[in-house]
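Numbers 17 to 279, taken from my numbering, label the letters of the sequence shown in order. Beta carbons are placed, not taken as given, at the ideal position from N, Cα and C, and that holds for glycine. Computed from a predicted structure; not experimentally measured.
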Amino acid sequence: MGAIIKTQDEIIKMRVAGKLAAEVLDMIGEHVVKGVTTDELNTICHDYIVDVQGGIPAPLNYGHPPFPKSICTSVNHVICHGIPSDKKLKDGDIVNIDVTVIKDGYHGDSSKMFVVGKPSILAERLIKVTQECLYKGIEIVKPGTTLGDIGHVIQQHAEAHNYSIVREFCGHGIGATFHEEPQVVHYGRPGTGEVLEAGMCFTIEPMINAGKRNSKILPDHWTVVTKDRSLSAQWEHTLLVTENGVEILTHREDETIPKIIEH
Ligand code: MF3
Ligand code: CO
Ligand code: CO
Numbered sequence: 017m018g019a020i021i022k023t024q025d026e027i028i029k030m031r032v033a034g035k036l037a038a039e040v041l042d043m044i045g046e047h048v049v050k051g052v053t054t055d056e057l058n059t060i061c062h063d064y065i066v067d068v069q070g071g072i073p074a075p076l077n078y079g080h081p082p083f084p085k086s087i088c089t090s091v092n093h094v095i096c097h098g099i100p101s102d103k104k105l106k107d108g109d110i111v112n113i114d115v116t117v118i119k120d121g122y123h124g125d126s127s128k129m130f131v132v133g134k135p136s137i138l139a140e141r142l143i144k145v146t147q148e149c150l151y152k153g154i155e156i157v158k159p160g161t162t163l164g165d166i167g168h169v170i171q172q173h174a175e176a177h178n179y180s181i182v183r184e185f186c187g188h189g190i191g192a193t194f195h196e197e198p199q200v201v202h203y204g205r206p207g208t209g210e211v212l213e214a215g216m217c218f219t220i221e222p223m224i225n226a227g228k229r230n231s232k233i234l235p236d237h238w239t240v241v242t243k244d245r246s247l248s249a250q251w252e253h254t255l256l257v258t259e260n261g262v263e264i265l266t267h268r269e270d271e272t273i274p275k276i277i278e279h
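This is the structure in structure tokens:
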């Protein structure tokens, strides 16, 4: 059992879902300011996805126990799956907003880091290096690359900066199902693991900690935090493997990487 190869018809639907997820991240940026609560950000995204895009926010009621909100908001030492709450963002906070939109039965999944006011130099560096990790992984995606190749370039870059890679959570195949095969881990050895083929869709979503790699889940069963309370950053894209490279289905205009890479 490996990754599902998408048909042309499915690829068209994945492009639409991916674009919608990207547009939510574009839309929410101006709202991520000092004093806003993550629950207010959740409501804005939920209403936009449902009322403007005619989509479904995939996180809402997902999993066991059901995730209670429509986006994930992971602030500072929260690694991922942060639950929007009435807590206000404050100056210097860093926050990952993770959006997954279902449209016409297909999923687009993407996340981005936002900063509130002026973050510390350490936070800024962590955010930048984590995005570079995502981009380094994306840049080698093409038929013949292995999942181990992707994990390896990400791990190398993070560890060269003395950061650590979270191992308990990973990227994933995506399509009509939110999380499908394969698991895309963000560490590994070149030449190992599943070999990529044109038509595969999956996410890369490295979670990088400024301190140790260890994580723990809070009693709410969802929120994942760094054990040592060090800062953590994450960026995510949904990708399509093409005949000669990769198409970033959740690409935004504010990025330095092109939407389509051909080798
Ligand atoms: N969007 C997350 C991912 O990248 C998954 C969130 S599951 C939720 O895979 F239930 F927390 F929303
Ligand atoms: Co994902
Ligand atoms: Co996501």
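One question on the structure: do V157 and L255 come within less than 7 Å of each other, judged by their Cβ atoms? yes
Tell me whether the beta-carbon of G204 lies closer than 7 Å to the beta-carbon of G164. yes
Where the alpha helix (DSSP H) containing D125 begins and where it ends: Element bounds for D125: not the alpha helix (DSSP H) but the beta strand (DSSP E), 122 to 131.
Looking at C-alpha atoms only, which residue of I113, S126, D125 is the closest neighbour of V132? I113
List the residues that DSSP assigns as beta-bridge partners of A249. I224
Where does L265 fall in DSSP's three states? coil
At a cut-off of 6 Å, would you count D236 as near ligand 1, judging by its Cβ distance to the nearest heavy atom? no
What residues are listed by DSSP as bridge partners for T254? T219
Cβ-based neighbour list, K243, same chain, cut-off 8 Å, excluding 5 preceding and 5 following: K228, N230, S231, K232
Alpha carbon to alpha carbon, what distance is there between Q250 and H97? 11 Å
Which residue's Cα is closest to the Cα of E46: V32, C61, L36, K35? C61
Could you spell out where the alpha helix (DSSP H) holding T239 opens and where it closes? Unbroken run through T239: none, as it is neither H nor E.
Identify whether N58 lies in helix, strand or coil by the three-state DSSP scheme. helix
For Q24, tell me which candidate among E259, V169, T266, L105 has the shortest Cα-Cα distance. E259
A176 versus E210, A214, N225, residue with shortest Cα-Cα distance: N225
Going by DSSP, name the residue or residues bridged to E278. G261
Mind checking which residues open and close the alpha helix (DSSP H) that includes G153? 137 to 155
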